[in-house]
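**Student:** Positions 1 to 211 (full-length UniProt numbering) are the ones given, in order, by the sequence shown. We put the CB at the ideal spot given by N, CA and C, even for glycine. From a predicted model like this one, the values you see are computed outputs, not experimental measurements. Attaching a single structure in structure tokens format; questions to follow.
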Amino acid sequence: GNKFFGSIPSSLCNASKLQILALSHNRFVGSVPTNLGYLQDLKVLQLGHNKLGKDLDFLTPLRNCSKMYSLILAGNRFEGVLPSSIGNLSTQLTGLYLERNKISGTIPVALQNLINLIVLGMDENLFTGMIPTNFGKFQKMQGLDLSGNKLLGKIPSSIGNLTQLAELFLSQNNLEGSIPPSIGTCQSLQQLDVSQNYLSGVLPQQYQLQQ
């Protein structure tokens, strides 16, 4: 990172051929310009680890960035509910990093539209409600981190559909019930953390030690 500070200039939208905008690890403050959607060739938007906030109004216009495959907003001061328009982002999106903010409300069902997601980081926010059952549609998902929120209810059995899943982090929530046996069908799973919840029952048989 550098030591850039102040707000992100809205005039960046005039750089119409811009493909990568990497501003992470600086000291930017204020709102993200809502006109970044004019950057129709934008593939990567990295705004992580600044002091940006609070609103997420800039997300909706990003639907025009049909080539975007990486969106990094981690470690800022974003607040409020994650808009359902998040599901209108490019279906080419493979990485969505929202962790370490103060985003609240339920996880929007519309996320299921981002069918090519490989990594989804939503940890250390204020998300409430249940884990959407439609998360089972992320056939390419390799890393899913929902830890450190206020999520309720049971772990959906549809998680077992994520055959590519290598890392599943659900710790530090208010999840209850048992771990669904279907998670045993995640043959790529290398790390599973469900600590600091209210889970009960027995581990799925698939987790017996292999001889």
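Residues in its own chain within less than 8 Å of glycine 80 by CB, not counting five upstream and five downstream?
**Tutor:** Around glycine 80, the same chain offers Lys54, Asp55, Leu56, Ile103, Ser104, Gly105 as residues with beta carbons nearer than 8 Å, after the five sequence neighbours per side are excluded.
**Student:** For leucine 192 and asparagine 173, what's the separation of their Cα atoms in angstroms?
**Tutor:** 14 Å
**Student:** Buried or exposed: where does glutamate 99 fall if 16 or more other Cβ atoms within 10 Å of its Cβ makes it buried?
**Tutor:** buried
**Student:** Could you please give me the residues that DSSP links to isoleucine 72 through a beta bridge?
**Tutor:** Gln46, Tyr97
**Student:** What does DSSP give as the partner residue(s) for glutamate 79 in the beta ladder?
**Tutor:** Lys102
**Student:** Going by beta-carbon coordinates alone, are isoleucine 183 and glycine 160 separated by less than 7 Å?
**Tutor:** In contact: isoleucine 183 and glycine 160 (Cβ atoms closer than 7 Å).
**Student:** So, for leucine 209: in the same chain, excluding its five sequence neighbours on each side, which residues have a beta-carbon less than 7 Å away from its beta-carbon?
**Tutor:** Any reading at leucine 209 must be qualified, since the residue scores a pLDDT of 48, below 50, and its modelled position is unreliable; no value is offered.
**Student:** Quick one, are the C-beta atoms of serine 7 and glycine 30 less than 7 Å apart?
**Tutor:** With respect to the 7 Å criterion, serine 7 and glycine 30 are classified as neighbours on the basis of their beta carbons.
**Student:** Does the beta-carbon distance from aspartate 123 to serine 147 come in below 7 Å?
**Tutor:** yes
**Student:** Please name the residue or residues paired with glycine 121 in a DSSP beta bridge.
**Tutor:** Tyr97, Asp145
**Student:** Can you tell me where the beta strand (DSSP E) holding phenylalanine 28 begins and where it ends?
**Tutor:** 27-30
**Student:** Does the separation of the CB atoms of phenylalanine 78 and asparagine 50 fall below 7 Å?
**Tutor:** no
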